[in-house]
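Residue numbers (our numbering): 1 to 91.
Here is the structure:
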């Protein structure tokens, strides 16, 4: 084991449940209660990754703009206006 690796031994219950040590939960950003996914890498390792709620992403793009300085909301509004205009022209 390298100096950067850390190891903890945990028990697995008869129901297949194991407790992820607090140190690892904090490092991985796993909320409690929360959900995780297990991913098998090409090398055959199993990696635990947190699954964050969609509501956790609310506002993440609030201050982001495209190369024209428009927010995601502004871009969507312009696209909808263009779609509505196209549909109106077809009527």
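Cβ atoms here follow ideal geometry from the backbone N, Cα and C, with glycine treated the same way. This structure is a prediction, so every number in the text was calculated from the model and none was measured.
With residue i and residue j assumed to form a contact (beta carbons below 8 Å), what rounded beta-carbon distance in angstroms separates them?
{"i": "residue 66", "j": "residue 75", "result": "6 Å"}
{"i": "residue 78", "j": "residue 72", "result": "Incorrect: roughly 11 Å between the Cβ atoms, too far for contact."}
My output table needs one value for residue i: the three-state DSSP class, helix, strand or coil.
{"i": "residue 48", "result": "strand"}
{"i": "residue 71", "result": "strand"}
{"i": "residue 25", "result": "helix"}
{"i": "residue 36", "result": "strand"}
{"i": "residue 19", "result": "coil"}
Flag this pair as yes or no: are the beta carbons of residue i and residue j separated by less than 8 Å?
{"i": "residue 51", "j": "residue 37", "result": "yes"}
{"i": "residue 12", "j": "residue 18", "result": "yes"}
{"i": "residue 48", "j": "residue 28", "result": "yes"}
How many angstroms separate the CA atom of residue i from the CA atom of residue j?
{"i": "residue 39", "j": "residue 14", "result": "22 Å"}
{"i": "residue 6", "j": "residue 70", "result": "45 Å"}
{"i": "residue 86", "j": "residue 68", "result": "23 Å"}
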